[in-house]
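J.: The structure follows.
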Amino acid sequence: MASDTILELISQYGYLIFYFAFTLGPFGIPIPNEITILTGAALSQMGVINPWITYFCTLSGLLTAFTVSYFAGKYFGQKLKNRFRQNRHFQKAELILNKRGNRAMYIGMFIPVVRYIIPLLIGLSGTNYRRFALISYSSAIGWTLMFFSAGTYFGDHILPELFNIQIESVLR
């Protein structure tokens, strides 16, 4: 179960697991971000872990992933552009970003998997860092607040239903 894995990782590594789960998310961490943040928020609401530290680690990890992805696109952009130029998905994403701009960047950050590709595309497009930071960091704050709030307010119902765990075992 994902929640058991998260609980085991928290007991071994502490709060840094939230940071690393979000920072390394684009590189194949097998637990979806949505599950991680909902579980962290639910455990925070139950008093198992500190909500402020959990949220800070989660947000910091997501911002780190966005920033690394942006700079990878910016510095390796031409090589990547040449490689993906004929890919129809890449062409469509580039067209949407050029046509819809800021709105596409903001909304794209709320879509799983896409949230890690968008910063790369923004870096590839040559968008300046200031614009990237304003849009992507504000969307990261919105996304994390939305999911952390859902986990906080509905976590005691979501956690057992999604993961079939006993609340008493988590509180021990």
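1092 is the number of the first residue of the sequence shown in the numbering used here; add one for each residue after it.
Where a beta carbon is used, it is the ideal one built from N, C-alpha and C, also for glycine.
#1: What are the start and end residues of the alpha helix (DSSP H) that includes S1159?
#2: Below 8 Å CB to CB, which residues in the same chain sit around I1144 once its five sequence neighbours on both sides are set aside?
#3: Pull up the distance between the alpha-carbon of Q1177 and that of G1168, whole angstroms please.
#4: I need the straight-line Cα distance from W1234 to N1173, nearest angstrom please.
#5: If we require 4 or more residues per run, which alpha helix (DSSP H) segments fall completely within the stretch 1185-1235?
#6: Please identify the residue among F1223, G1116, E1125 and T1130 whose C-alpha is closest to the C-alpha of L1098.
#7: Take every Cβ of the stretch 1134-1149, pair it with every Cβ of the stretch 1215-1233, and state whether three or more of those distances are shorter than 8 Å.
T.: Walking through what the data contain:
#1: According to the sequence as given, residue 1159 is Val; it is not Ser. Looking at the DSSP string, the run of the alpha helix (DSSP H) that includes V1159 is P1142 to Y1166.
#2: Closer than 8 Å at Cβ, skipping near neighbours: Y1106.
#3: 15 Å
#4: 32 Å
#5: 1193-1199 and 1205-1216
#6: Nearest C-alpha to L1098: T1130.
#7: no
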